[in-house]
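Some notes on the structure that comes next.
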Amino acid sequence: MSLLAIRNAVVADLQGASELSQLETCEAHGGRFDIEELRHVAAKAPAVYVAILQVSNTEEGFEGLAGDVQFGAYVVTKDHPQQSRDVGALAIVQALQLRLVGNRWGLDAAEGRPERIRADNLYGRAIDKHHIAMWGVTWRQRLVIGGALDAATLDALQYVNVTYDLDPDSPDEPEYSDNVGDLQGV
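This is how it looks when you write it as structure tokens:
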């Protein structure tokens, strides 16, 4: 499964979560925020923006390429007559953390559950100056991020050279080499 499809599944799950019904916006985002970007998205608050921040420990397995995907969900709130930005942000952060625990996003690609769930208050003068509260909720999750080779893509292979070790226990045993494919394009 592609990273894009995985991120979209997380966003779709959060959009449909009843405990996050107070959100005006829940969207995918390219990554971390600078102050200009924050000013732009604040108009859509209260909001959660989901980004993939890192992929690590990538390994090839039976089901394809798997890795530890680090997600960031950025909570952005502003003052409302019924609730201050700080109180609104805390409510969303708590609901988001509850939603994360054990969630596999409906994906067969999820090898594990969210781990190392963490919420960080991103308060700063520049953010406060714009009457915004911002939190970053991060977690890691082991996911299959690339499937096994599709047989339809194998037509692109015009030439393959394979070497077989017929007797790995004997250093004197000859190897067998096999050339497969059309050599015209090589």
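With the numbering used here applied, the sequence shown covers 139 to 324. Where is the CB? At the ideal position from N, CA and C, for every residue including glycine. The structure presented is a predicted model; accordingly, all values stated were derived computationally and were not measured.
#### Entry: Alpha-carbon spacing of V282 relative to R254, whole angstroms
Position 144 of the sequence shown holds residue 282. Position 116 of the sequence shown holds residue 254. Going by C-alpha positions, V282 is about 19 Å away from R254.
### Task
Return the bridge partner residues of E174 from the DSSP annotation.
As a working note, residue 174 is residue 36 in the sequence shown. BP columns for E174 are empty, so no partner.
### Reduced DSSP category for D246 - H, G, I as helix; E, B as strand; rest coil
Start at 1 with the first residue of the sequence shown, and residue 246 comes out as number 108. When secondary structure is reduced to three states using DSSP, D246 falls in the coil class, being assigned neither helix nor strand.
### Query
Which residues mark the beginning and the end of the alpha helix (DSSP H) in which G226 is found?
Mapped onto the sequence shown, residue 226 falls at position 88. It spans 223-238 - the alpha helix (DSSP H) in which G226 sits, taken as one unbroken run.
### Query
Which value, in whole angstroms, describes the spacing of the CA atoms of A189 and A166?
Mapped onto the sequence shown, residue 189 falls at position 51. Mapped onto the sequence shown, residue 166 falls at position 28. The alpha-carbon atoms of A189 and A166 are separated by roughly 6 Å.
### Query
Roughly how many whole angstroms lie between the Cα atoms of Y297 and Y187?
On the sequence shown, position 159 is the one that residue 297 refers to. On the sequence shown, position 49 is the one that residue 187 refers to. The pLDDT assigned to Y297 is 49, lower than 50, so where the model puts this residue is not dependable; a value taken from the coordinates is nonetheless given after this. Spanning the two alpha carbons is a distance of roughly 45 Å.
### Task
Ignore the nearest five residues each way along the sequence and tell me which others in A150's own chain have a CB closer than 6 Å to its CB.
Taking the first residue of the sequence shown as position 1, residue 150 is located at position 12. Cβ neighbours of A150 beyond the five flanking positions: none.
### Host beta strand (DSSP E) of N259 (start-end)
The residue you call residue 259 lines up with position 121 of the sequence shown. Taken as a continuous stretch (DSSP letters only), the beta strand (DSSP E) holding N259 covers 253-259.
### Query
Does the Cβ of G338 have 16 or more other Cβ atoms within 10 Å, making it buried, or fewer, making it exposed?
Any property of residue 338 remains undetermined from this structure, which presents the chain solely from 139 to 324.
### Task
Reducing DSSP to helix, strand and coil, say where Q160 ends up.
As a first step, residue 160 must be located in the sequence shown, where it is residue number 22. The answer is coil: DSSP assigns Q160 none of H, G, I, E or B.
### Expected contact under 8 Å - CB spacing of L158 and I230 to nearest Å
Position 20 of the sequence shown, counting from 1, holds the residue named residue 158. Position 92 of the sequence shown, counting from 1, holds the residue named residue 230. Approximately 7 Å separates the beta-carbon atoms of L158 and I230; this is inside 8 Å, confirming the contact.
### Helix, strand or coil at N146 [DSSP, three-state]
Working through the sequence shown from its first residue, we reach residue 146 at position 8. The answer is helix: DSSP assigns N146 an H, G or I state.
### Task
Throw me the rounded Cβ distance for the F209 and T276 pair, which I believe falls under 8 Å.
Position 71 of the sequence shown, counted from the start, is the residue given in the question as residue 209. Position 138 of the sequence shown, counted from the start, is the residue given in the question as residue 276. Sure, about 7 Å apart at Cβ, within 8 Å.
### Task
Determine, using beta-carbon pairs with one atom in the segment 161-176 and one in the segment 192-207, whether at least three such pairs fall under 8 Å.
Touching, no, given that fewer than three Cβ pairs across the two stretches are closer than 8 Å.
#### Entry: Cutoff 8 Å; reference T291; Cβ partners in own chain excluding five residues on either side
Looking up residue 291 in the sequence shown gives position 153. Note that T291 scores 46 on pLDDT, short of 50, meaning its location in the model is unreliable; the coordinates nonetheless yield the value given after this. Here T291 has no same chain residue with a Cβ atom under 8 Å from its own Cβ, once five neighbours each way along the sequence are excluded.
### Message
Quick check: is the beta carbon of Q235 nearer than 8 Å to any beta carbon in chain C?
### Response
Within the model displayed, chain C is absent; a lone protein chain is all it includes.
### Query
With V148 and A183 assumed to form a contact (beta carbons below 8 Å), what rounded beta-carbon distance in angstroms separates them?
One-based indexing of the sequence shown puts residue 148 at position 10. One-based indexing of the sequence shown puts residue 183 at position 45. V148 to A183, Cβ: 20 Å. No contact.
### Query
Out of curiosity, what's the CA-to-CA distance linking R145 and E175?
Sequence index remark: in the sequence shown, residue 145 carries index 7 (1-based). Sequence index remark: in the sequence shown, residue 175 carries index 37 (1-based). The alpha-carbon separation between R145 and E175 amounts to approximately 20 Å.
### Query
Is K216 helix, strand or coil by DSSP?
As a working mapping, residue 216 is identified with position 78 in the sequence shown. If DSSP states are grouped into helix, strand and coil, K216 belongs with the strands.
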